[in-house]
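One structure is given here, and the rest of the page talks about it.
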Amino acid sequence: MQYAFSDGASRLAVTTDLGMSTAARRGKLSHCHALVLECNHDAALLQGGSYPRMLKERISGRFGHLDNEAAAGIVSRIDCTRLEHIVAAHLSKENNRPELAVRALAGALGCEASWIGVASQEDGFGWRSIS
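For the numbering used here, count along the sequence shown from 1 and bump the result up by 2.
Laid out in structure tokens, this is it:
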């Protein structure tokens, strides 16, 4: 799912269950002021984890979830000049770690890790104001 909201001055996009990046999907994420981006799993943790092979294939497939590197790839290919806030979301409890998602996104954005927010399944995330 992918939603983009705008009031004419600010733009927010929320993504989850993307599976893969496409030009059309990236186009909807460009020029956002705030972005909630799925970083579901770390590919190595998923492959080495306890899930059955069929589930691993579904999660990592075209209609599954974005791994950290795919999410970072999206961020590196969109226009982030207006981006003021980004949140890594939909992290798997078993197949990801917040620090891995943050490292991937911070690397793609060339920013400090402290600038990246992380949503948890229990608490959601804290929001910063945008201009």
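Here a beta-carbon is modelled for each residue, glycine too, at the ideal position from N, C-alpha and C.
- As a beta-bridge residue in DSSP terms, Q4 pairs with T17.
- Minimum Cα-Cα distance from L48 among the listed residues R28, D81, S94 and R105 corresponds to S94.
- Within the model, the alpha-carbon separation for R105 versus G112 is close to 10 Å.
- Counting C-beta pairs closer than 8 Å gives three or more between the region 83-101 and the region 44-61, which meets the contact rule.
- Cβ neighbours of S23 within its own chain (closer than 7 Å, five residues either side excluded): A72, G75 and I76.
- Taking each of A90, A108 and L107 in turn and checking the Cα distance to Q123, the smallest one comes out for A90.
- For the 8 Å CB-CB criterion, E114 and A121 do not form a contact.
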